[in-house]
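If you're matching positions, the sequence shown starts at 505 in my numbering and goes up one per residue.
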Amino acid sequence: MNKLMLIAGAMVAVTAPAYAITLYSSTFDTSSSSSDFNVISVNSAADTVIFGDNYGARGVGEAPNTPGSASATRGLYMQTNKGATGVINGINAYLTAGGVNTFTGDITVAFDLWMNVPSPLTNTTEHAMFGINTDGVGTNSRTGSTQTGADGVWYHISGDGAYSGTSTVLNNRDFVGYMDNGVSARIDHLQAPFPTLFPNGPQVGAAGNGWIRVEIEEIAGNVELRFNGTVISNYANTGAADGFMFLGYQDPFSGSIGANTLFAVYDNLTVTAVPEPASMIALGAGLLALARRRRKA
505 MNKLMLIAGA
515 MVAVTAPAYA
525 ITLYSSTFDT
535 SSSSSDFNVI
545 SVNSAADTVI
555 FGDNYGARGV
565 GEAPNTPGSA
575 SATRGLYMQT
585 NKGATGVING
595 INAYLTAGGV
605 NTFTGDITVA
615 FDLWMNVPSP
625 LTNTTEHAMF
635 GINTDGVGTN
645 SRTGSTQTGA
655 DGVWYHISGD
665 GAYSGTSTVL
675 NNRDFVGYMD
685 NGVSARIDHL
695 QAPFPTLFPN
705 GPQVGAAGNG
715 WIRVEIEEIA
725 GNVELRFNGT
735 VISNYANTGA
745 ADGFMFLGYQ
755 DPFSGSIGAN
765 TLFAVYDNLT
775 VTAVPEPASM
785 IALGAGLLAL
795 ARRRRKA
C-alpha cells in the first residue's frame, strides 16, 4: 500500500503542472515579436514603439525574470510626446498572436516593467498602462481628466509620483484602476503599500527607475493586481468578460521635456491559464480511491 501511495503522490506531482498551461510567452528578443501585436495610438506621429529594443544601451539593467535562453537586455520599448510641440498621446499594444485575439476563463498575465524617469521632475508625469478583457479596437488612455472609448479592466501607474493626494479629479493619482471609462481604484504614491514597495524611486513611493513584476490574475470574475507579489487592488469584474490584453504607455499632458530619457520597457510577458482547484481536487480524490481499492484487493 505504501508503494502505491507513493506512486499516487508522484502522479499528482507530475500531473499538476500540466494544468498550468502557458497560452503565450515572449521575451521580446527580436523585432519579429511585433507580429504578435496590433499597436494602436492616439497620435502615432508622437510615439516610438520598438520590439526587440536593446534597453541595456539605454542604461537599464537586465529584467530580473529573464530566462537564461533569452537575450539579456532586449525588450519592448515605448516612448511618447518627445519634441518641440507637446502632444497628448496614448499607446496600446494588443496581443493578437496566432490570430487568437481573446483569452477566456481564468488567466494570469505577468510581465516585467521598467519606467525610466530623469531628473529634475519637471514634465515627467507619464504612465505605463496595461489591462485585460478589452475589445482591442480603440486606445485605452486618459486625455486630461477623462477617459473616452476605453474598455475592459485596465490600469495606469506613473513613474515620478508627481500627483497630489488631495485632487478631487478621479484619475489624478499615481495609480488608477479602471473599468471601461470609470475609475475603480486609486492610490497616491505616499499611500500604502507604495512607500514600502518603492523606497528608492525618483521620490519615496514612486515606481520609476526600478523593475516591477506585474501580475494581473482573474479567477472566477475577481481581478487581482500585484506588484512584486504585493496585492494592489481587487476588482469584482461583472462587465468585461474575456478579450484582448494589452501593454501601453501614455502622456496625458501636453508638456514635454523633449528628451528620450523618459520611457517604459516591458519584458518577459506570459499569459497562463490558471489551474482549476476543483480539477485538482477531483484528481487527488480519484487517485486516493484507486489506492483504497488496491488495498482492499
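A virtual CB, placed ideally from N, CA and C, is assigned to each residue, including glycine.
Query                                                                                                                             : Result
Inter-stretch contact (C-beta, 8 Å, three-pair minimum) for the stretch 626-638 and the stretch 651-666                           : yes
DSSP-derived helix/strand/coil call for tyrosine 559                                                                              : helix
Where phenylalanine 698 sits in the DSSP three-state scheme                                                                       : helix
Delimiting residues of the beta strand (DSSP E) encompassing aspartate 771                                                        : 767-777
Whole-angstrom distance between aspartate 616 and valine 778, CA atom to CA atom                                                  : 19 Å
Exposed unless 16 or more other CB atoms sit within 10 angstroms - verdict on glycine 733                                         : exposed
Cut-off 7 Å between Cβ atoms - residues of its own chain near threonine 765, not counting five sequence neighbours on either side : Asn620 and Pro622
Opening and closing residue of the beta strand (DSSP E) in which histidine 660 lies                                               : 657-662
Limits of the beta strand (DSSP E) - the one that isoleucine 636 falls within                                                     : 631-638
Identity of the residue in Leu773, Ala768 and Ser758 nearest methionine 582 by Cα                                                 : Ala768
Exposed unless 16 or more other CB atoms sit within 10 angstroms - verdict on asparagine 704                                      : exposed
Supposed contact pair glycine 579 and phenylalanine 541 - C-beta distance, whole angstroms, cut 8 Å                               : The Cβ separation is near 13 Å, so there is no contact.
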